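Undergrad: Top to bottom, those sequences are chains A and B. Adding 903 to a residue's 1-based position in the first sequence gives its number in my numbering. Adding 169 to a residue's 1-based position in the second sequence gives its number in my numbering. Below: one structure in structure tokens.
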Amino acid sequence: MKRLLLTLSTVVPLLASAQQLTVSAAASLTDAFKEIGPRFEAGRPGATLRFNFAASGVLLQQIAQGAPVDVFVSADQDTMNRGVNQKLIAADTRRDFAGNALVLIAPAGSHIKTVRDLATPEVKHVAVGKPASVPVGHYTLQALEKAQLWTPLQPKLVFADNVRQVLDYVARGEVEAGFVYRTDAEIAKDKVRIAMTVGGLPPVTYPAAVVADSRQAALARDFVGYLSGAEAQAILARYGFGKP
Amino acid sequence: MPTDLWSQFDAAPLALTLRVAIVATVLALLLGIALGWVFARTRLPGRNLLEAICMLPLVLPPTVLGYGILLLMGRRSALGGWLREHFDYTVIFHWHGAVIASTLVALPLVLKGASSAFAQVDRNLEAASRTLRQSRWSSFVRVTLPLAWPGILASTLLAFARAMGEFGASLMVAGSIPGQTQTASMAIYDAVQAGRDDLALMLALVVSAVSVAILVLSNRYLQRPTP
């Protein structure tokens, strides 16, 4: 009993004084943020970052349902706009810090070159993000609609929960092609190849903002600002992210 | 609002759920009766280990089951590659994939129910039927099976309910393709993710109602007549 109290007395103050920041970030940022996290913490003693990676739409849904999140980082402007409109996000803290590009990928060794090839009978399945909740899926929908392929390709489409699942489907060879961001294709270079970069779309930009209900608003602001700083930008650039 | 919601209600996920669950339950029933009899009545070497392996899907995380099916039947696997090359057939992103996953999770329930039901059948009755010149198969079909049937049926209903609720492994193997592999549980998951709480709630209520009906039915068969 004495030991339990002793343990509690040492742990409880620690919990109270530690500044824990929960960052909900788009799945495509997983690798870059895992590297940015320790660097941010290193400059701020007592601060710990906790990352929650998923599709932006799913993350916003969690925030809407009351998840204790401090910073929201989306892979598109639409999802962030929805957050602002629902008053879940402190709009004045919003800041674009990175850019990306939509690419068509195929398993290494595939001969697919353009979006048009997806209509050929050799292509049985094409992986895309769910357009309603996954930004890369929404970008894909726009691109395929523009090419007038969204409707004809319907029977071939396999919907994934986030961009990394699309990447996994292609890397395992379970689908003949898929749409991801350039940075995702880069981390699986040995298994997938970029068939083409999809142009003519609104640019892929990443906004970050403080969540309205954040209890660590000051530290959350600090993190949003840090993402645009030189240190974070260098890491993002190394993973292939562009300027917003 | 309710009328509005009903008009956009899509019955396809529910229909597919029933189709997958029915096929999976029939497969689990056939396998379960055969294996249940083996485990209850024979001294097959290694049957304890075999039984433990058959029961695994009951306790394994669905992700392990889904990953296992992908490893065995995926395009890059030996079996999956062979099926694809010779028959242009794959269970990946096909509703048959959901059937395999559901059969595996339903099997332990049927198996356990069948083997205990077989164990409770009075062997003197079987012996009597054999003295009346019935073949072993005939005594099984006309004496053993009918006596064990209430127990098997109750566990089969439970297995059906379990197959209807399969989610994790099916999602990994068959994906969530609307109209093709999207079952009710996946449609609910998608609706929640997309913030369509009204649609999710409605589907959840329908699935819950069907499940309650099955469980009530199952309980009725499980109740043994008091002597």
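For each residue, glycine too, the CB sits at the ideal point set by N, CA and C. Values in this document were obtained by computation on a predicted structure and should not be read as measured data.
By the 10 Å Cβ neighbour count, where 16 or more other Cβ atoms means buried, how is B/Thr325 classified, buried or exposed?
TA: By the neighbour-count rule (16 or more Cβ atoms within 10 Å), B/Thr325 is buried.
Undergrad: Evaluate B/Thr211 with the Cβ neighbour count: other Cβ atoms within 10 Å of its Cβ, from every protein chain shown; 16 or more gives buried, anything less gives exposed.
TA: Exposed: under 16 other Cβ atoms inside 10 Å.
Undergrad: By the 10 Å Cβ neighbour count, where 16 or more other Cβ atoms means buried, how is B/Pro458 classified, buried or exposed?
TA: Nothing in the structure corresponds to residue 458 of chain B, since chain B is present only between 170 and 396.
Undergrad: Can you tell which of B/Leu240, B/Ser284, B/Ala184, B/Tyr258 has its C-alpha closest to the C-alpha of B/Trp198?
TA: Reading off the sequence shown, one finds Leu at residue 198 of chain B, where the question assumed Trp. Of B/Leu240, B/Ser284, B/Ala184, B/Tyr258, the residue nearest in Cα terms is B/Ser284.
Undergrad: Considering only residues of the region 1078 to 1145 of chain A, which uninterrupted alpha helix (DSSP H) runs meet the minimum length of 4 residues and lie entirely inside it, listed in chain order?
TA: Taking only runs of at least 4 residues, the alpha helix (DSSP H) segments lying wholly in the region 1078 to 1145 of chain A are 1085 to 1090, 1120 to 1131, 1133 to 1141.
Undergrad: In the DSSP assignment, the alpha helix (DSSP H) including B/Val268 goes from what residue to what residue?
TA: Run containing B/Val268: 264 to 289, per the alpha helix (DSSP H) assignment.
Undergrad: Going along the chain, which residues of its own chain have a beta-carbon closer than 7 Å to the beta-carbon of A/Ala1140, five neighbours each way excluded?
TA: So no residue of the chain qualifies.
Undergrad: Residues of chain B with a CB under 7 Å from the CB of A/Ser1036: which are they?
TA: Simply Gln362, Ala363.
Undergrad: Does the Cβ-Cβ distance between A/Gly960 and A/Val1069 come in under 8 Å?
TA: Their beta carbons are not under 8 Å apart, which means A/Gly960 does not touch A/Val1069 by this criterion.
Undergrad: Name the chain A residues whose beta carbon is nearer than 7 Å to that of B/Gly243?
TA: Ordered by position in chain A, the residues that pass the 7 Å Cβ test against B/Gly243 are Arg1075, Glu1077.
Undergrad: Quick one: what does DSSP say A/Gln922 is sitting in, helix, strand or coil?
TA: Note: A/Gln922 maps to strand in three-state DSSP.
Undergrad: Roughly how many whole angstroms lie between the Cα atoms of B/Ala247 and B/Leu316?
TA: Whole-angstrom Cα-Cα distance: 43 Å.
Undergrad: Just to confirm, is the Cβ distance from A/Tyr1109 to A/Val976 under 8 Å?
TA: Taking 8 Å as the Cβ cut-off, A/Tyr1109 and A/Val976 qualify as a contacting pair.
Undergrad: Jot down the residue ranges of each uninterrupted alpha helix (DSSP H) in the region 930 to 994 of chain A, minimum 4 residues, whole runs only, in chain order.
TA: Here the runs fully enclosed are 933 to 945, 959 to 967, 980 to 988.
Undergrad: Does any CB atom of chain B fall closer than 8 Å to the CB of A/Leu917?
TA: The predicted position of A/Leu917 is uncertain, since its pLDDT is 49 and thus under 50; no value can be drawn from it.
Undergrad: Under the rule that 16 or more other beta-carbon atoms within 10 Å means buried, what is B/Ala297, buried or exposed?
TA: By the neighbour-count rule (16 or more Cβ atoms within 10 Å), B/Ala297 is not buried but exposed.
Undergrad: Starting from A/Ala1030, follow the beta strand (DSSP E) in both directions and report where the run begins and ends.
TA: A/Ala1030 -> beta strand (DSSP E) spans 1029 to 1032.
Undergrad: For B/Ser354, which of helix, strand or coil comes out of DSSP?
TA: The answer is helix: DSSP assigns B/Ser354 an H, G or I state.
Undergrad: Please classify A/Ser1117: is it buried, with 16 or more other beta-carbons within 10 angstroms of its beta-carbon, or exposed?
TA: Buried is the call here.
Undergrad: Compute the distance between the beta-carbons of A/Val972 and A/Val1107, then report whether it is under 8 Å.
TA: No. Outside cutoff.
Undergrad: Does DSSP put A/Asp1071 in a helix, a strand or coil?
TA: In the structure shown, A/Asp1071 sits in a helix (DSSP, three-state: H, G or I).
Undergrad: Give me the Cβ distance between B/Phe262 and A/His1028, rounded to the nearest whole Å; I'm assuming they're in contact under 8 Å.
TA: Sure, about 6 Å apart at Cβ, within 8 Å.
Undergrad: Relative to the alpha-carbon of B/Met355, which residue among B/Leu229, B/Leu239, B/Gly344 has its alpha-carbon at the smallest distance?
TA: Minimum Cα distance to B/Met355 is reached at B/Gly344.
Undergrad: Residues of chain B with CB closer than 9 Å to the CB of A/Gly960, please, in chain order.
TA: The answer, in chain order, is Gln362, Ala363, Gly364.
Undergrad: According to DSSP, is B/Asp257 part of a helix, a strand, or is it coil?
TA: Here B/Asp257 sits in coil by DSSP.
Undergrad: Return the CA-CA distance between B/Ile383 and B/Val376, expressed in angstroms with no decimal places.
TA: B/Ile383 and B/Val376: Cα-Cα distance of roughly 11 Å.
Undergrad: Tell me whether B/Asp179 sits in a helix, a strand or coil according to DSSP, three-state version.
TA: Here B/Asp179 sits in coil by DSSP.
Undergrad: Between the Cα of A/Gln1057 and the Cα atoms of B/Arg311, B/Trp264, B/Gly364, B/Pro347, which residue gives the shortest distance?
TA: Checking every option, the nearest Cα to that of A/Gln1057 belongs to B/Pro347.
Undergrad: Under three-state DSSP, which class holds A/Phe1000?
TA: Three-state DSSP puts A/Phe1000 in a strand.
Undergrad: Quick check: what's the CA-CA separation for A/Leu1104 versus B/Gly237?
TA: Taking the straight line joining both Cα atoms gives about 39 Å.
Undergrad: Tell me where the beta strand (DSSP E) around A/Phe1062 begins and ends.
TA: Note, A/Phe1062: beta strand (DSSP E), 1060 to 1063.
Undergrad: Measuring only between beta-carbons, confirm whether A/Phe1062 sits less than 8 Å from chain B.
TA: With 8 Å as the cut-off, A/Phe1062 counts as an interface residue toward chain B.
Undergrad: Measuring CB atoms only, is the region 991 to 1000 of chain A touching the region 1044 to 1058 of chain A, in the sense that at least three cross pairs come out at less than 8 Å?
TA: Short answer: they don't touch.
Undergrad: On the DSSP letters alone, give me the boundaries of the alpha helix (DSSP H) that B/Leu322 sits inside.
TA: Start and end: 314 to 333.
Undergrad: Please work out which residues of its chain come closer than 7 Å, Cβ to Cβ, to B/Thr194, disregarding the five sequence neighbours upstream and downstream, and give them in chain order.
TA: These residues qualify, in order along the chain: Ala275, Thr325, Ala328, Phe329, Ala332.
Undergrad: By the three-class DSSP mapping on this structure, what secondary structure does A/Val1026 have?
TA: Three-state DSSP puts A/Val1026 in coil, outside helix and strand.
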